[in-house]
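Undergrad:
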Amino acid sequence: MRIARSFSELRTLLPRPGSCPLWLVPTMGALHDGHGALIDQAKSEGGFVAVSIFVNPLQFAPGEDLDRYPRTEAEDLAFLDKRGADLVFLPSPGEMVPKSARIRISSGRIGTIYCGASRPGHFDGVLTIVLKLFHLFSPDVALFGEKDRQQLFLIQEMVRDLALPIRVLGLPTIREPDGLAMSSRNRYLSPKERDTAAHFPELMGEAARLWAEHSGHPSKDPLSIPGWLSEALVRAGFRVDYVALADRQTFLPITGGPAPDQAYLLAAVFVGSTRLIDNLELSAERPGV
Ligand code: AMP
6 MRIARSFSEL RTLLPRPGSC PLWLVPTMGA LHDGHGALID QAKSEGGFVA VSIFVNPLQF
66 APGEDLDRYP RTEAEDLAFL DKRGADLVFL PSPGEMVPKS ARIRISSGRI GTIYCGASRP
126 GHFDGVLTIV LKLFHLFSPD VALFGEKDRQ QLFLIQEMVR DLALPIRVLG LPTIREPDGL
186 AMSSRNRYLS PKERDTAAHF PELMGEAARL WAEHSGHPSK DPLSIPGWLS EALVRAGFRV
246 DYVALADRQT FLPITGGPAP DQAYLLAAVF VGSTRLIDNL ELSAERPGV
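With the numbering used here applied, the sequence shown corresponds to residues 6 to 294, in that order.
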């Protein structure tokens, strides 16, 4: 596995442009099987699989967990080697975000709602660094997880709006046996908090079943489900950041009118000081889980 730590090293270690398909998996490290699934998918398609590890300071607001975000380089390198990655890029913060850099990508309206409402500037920071990685690698395909549904939507919008010649693929969320979405932040949870956290996917799943049950029922309103879920989450011991329904095409909030057959259910909660996110695809026909 090739290891690049600077832009110039990366240039010498990437395959010659056009010589084989280049797959890029951007990450912030502290790798787990959710990341692993993205790498496995890229591997299974053949081509050259590159993984970047960069804890992006632009996507953390002041007071967030930038300083304590897990950095596990030795374990990550062993993980990637075992998984068969061809190249790992570990740029320095100084080169990725020079002090003089003032230009930011604007994520627009969708970047200011849901996770963007409680994390102002977060998605501008994400898109700025993802675009920079796209320039550095010129990948044919970039892989992202559906776990970060809003991020995936915004990256797809950026690629479309800026006509970037890159295919963006979203892959399903990988979960722990009890349903909790795998996340680098899960390691912050104490054993007691981890027990509470298991109720998050459980209640999301229950909400998805209710959506199917309410849809088409003359006296039940599917749009009441975020309210139901918020209350159930509070009762289970979470502090709720937001629960929302988003349109599958526009990603705008669904707050009134006839409920569509399909939607995204999006939620963010705190367990102690740890913030967890999850989302499900809702369908009137079948439960989301
Ligand atoms: P992160 O290191 O958390 O920034 O994540 C890097 C990439 O892995 C992003 O595209 C995430 O959406 C994706 N990812 C993180 N957790 C999961 C998971 N549990 N299942 C699938 N993809 C994931």
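Even glycine gets a Cβ: it sits at the ideal position worked out from N, Cα and C.
Would you mind working out which of Gly126, Ser13, Thr201 sits nearest Ser278, comparing C-alpha positions?
TA: The residue given as residue 278 occupies position 273 in the sequence shown. Considering only alpha carbons, the answer is Thr201.
Undergrad: If you draw a straight line from the alpha carbon of Gly52 to that of Arg244, how long is it in whole angstroms?
TA: Within the sequence shown, numbered from 1, the residue matching residue 52 stands at position 47. Within the sequence shown, numbered from 1, the residue matching residue 244 stands at position 239. Whole-angstrom Cα-Cα distance: 44 Å.
Undergrad: Pull up the distance between the alpha-carbon of Glu78 and that of Gly34, whole angstroms please.
TA: In the sequence shown, residue 78 corresponds to position 73, counting from 1. In the sequence shown, residue 34 corresponds to position 29, counting from 1. Their Cα atoms are separated by approximately 7 Å.
Undergrad: With a threshold of 7 Å on Cβ separation, who are the neighbours of Asp91 within its own chain once the five nearest residues in sequence on each side are excluded?
TA: Here residue 91 refers to the residue found at position 86 of the sequence shown. Correct list, in chain order: Met6, Arg7, Phe53, Val54, Ala55.
Undergrad: Do you know whose CA, among Val135, Glu14, Arg253, lies nearest Arg312's CA?
TA: No information on residue 312 is available, as it lies outside the stretch 6 to 294 that the chain covers here.
Undergrad: Would you kindly check if the distance between the Cβ of Ile44 and the Cβ of Val60 is under 8 Å?
TA: Here residue 60 refers to the residue found at position 55 when the sequence shown is read from its first residue. Here residue 44 refers to the residue found at position 39 when the sequence shown is read from its first residue. Against a cut-off of 8 Å, the Cβ pair of Ile44 and Val60 comes out as no contact.
Undergrad: Do Tyr247 and Ala273 have their C-beta atoms closer together than 8 Å?
TA: For the purposes of this step, residue 247 is taken as residue 242 along the sequence shown, with counting starting at 1. For the purposes of this step, residue 273 is taken as residue 268 along the sequence shown, with counting starting at 1. Cβ distance < 8 Å, so Tyr247 and Ala273 count as in contact.
Undergrad: Please classify Gly293 as buried or exposed, where buried requires at least 16 other C-beta atoms within 10 Å of its C-beta.
TA: Translated into positions along the sequence shown, residue 293 becomes position 288. Here the model assigns Gly293 a pLDDT of 48, short of 50, so the residue's position is not dependable, and the following value carries that caveat. Per the 10 Å Cβ criterion, buried.
Undergrad: Which whole-angstrom value describes the C-beta separation of Phe142 and Leu27, a residue pair presumed to lie in contact below a C-beta threshold of 8 Å?
TA: What you label residue 142 is simply residue 137 of the sequence shown in a count that begins at 1. What you label residue 27 is simply residue 22 of the sequence shown in a count that begins at 1. Correct: roughly 6 Å between the Cβ atoms.
Undergrad: Just how far apart, CA to CA, sit Leu15 and Ser235?
TA: In the sequence shown, counting from the first residue as 1, residue 15 sits at position 10. In the sequence shown, counting from the first residue as 1, residue 235 sits at position 230. The straight-line gap from Cα to Cα measures roughly 46 Å.
Undergrad: Beta strand (DSSP E) containing Thr32: first to last residue?
TA: Mapped onto the sequence shown, residue 32 falls at position 27. Its beta strand (DSSP E) spans residues 27-32.
Undergrad: Flag this pair as yes or no: are the beta carbons of Asp86 and Ile179 separated by less than 8 Å?
TA: Walking along the sequence shown from the start, residue 86 turns up at place 81. Walking along the sequence shown from the start, residue 179 turns up at place 174. No, these two residues do not count as a Cβ contact at 8 Å.
Undergrad: For a quick check, are the C-beta atoms of Leu157 and Gly175 less than 8 Å apart?
TA: Mapped onto the sequence shown, residue 157 falls at position 152. Mapped onto the sequence shown, residue 175 falls at position 170. Closer than 8 Å, so yes.
Undergrad: What residues in its chain sit with their C-beta under 6 Å from that of Glu162, if we drop five residues either side in the sequence?
TA: Mapped onto the sequence shown, residue 162 falls at position 157. So no residue of the chain qualifies.
Undergrad: Would Gly221 pass as a contact of Glu207 if the rule is Cβ separation under 8 Å?
TA: By 1-based counting over the sequence shown, the position of residue 221 is 216. By 1-based counting over the sequence shown, the position of residue 207 is 202. Cβ atoms of Gly221 and Glu207: not closer than 8 Å.
Undergrad: Could you have a look at Val248 and say whether DSSP puts it in helix, strand or coil?
TA: For this step, residue 248 is matched to residue 243 along the sequence shown. Three-state DSSP puts Val248 in a strand.
Undergrad: Considering only heavy atoms of the ligand AMP, does any lie closer than 7 Å to the CB of Asp129?
TA: Here residue 129 refers to the residue found at position 124 when the sequence shown is read from its first residue. Not so, every heavy atom of the ligand AMP lies at least 7 Å from the Cβ.
Undergrad: Cutting at 8 Å between CB atoms, please list the residues of its own chain near Ser11, excluding the five before and the five after it.
TA: Position 6 of the sequence shown, counted from the first residue, corresponds to residue 11. Correct list, in chain order: Pro96, Ser97, Glu100.
Undergrad: With DSSP as the reference, label Ser143 as helix, strand or coil.
TA: Locating residue 143 in the sequence shown gives position 138, counting from the first residue. Ser143 falls in the coil class under three-state DSSP.
Undergrad: Going by DSSP, which residues form a beta bridge with Ala9?
TA: Position 4 of the sequence shown, counted from the start, is the residue given in the question as residue 9. Looking at the DSSP assignment, Ala9 forms a beta bridge with Phe94.
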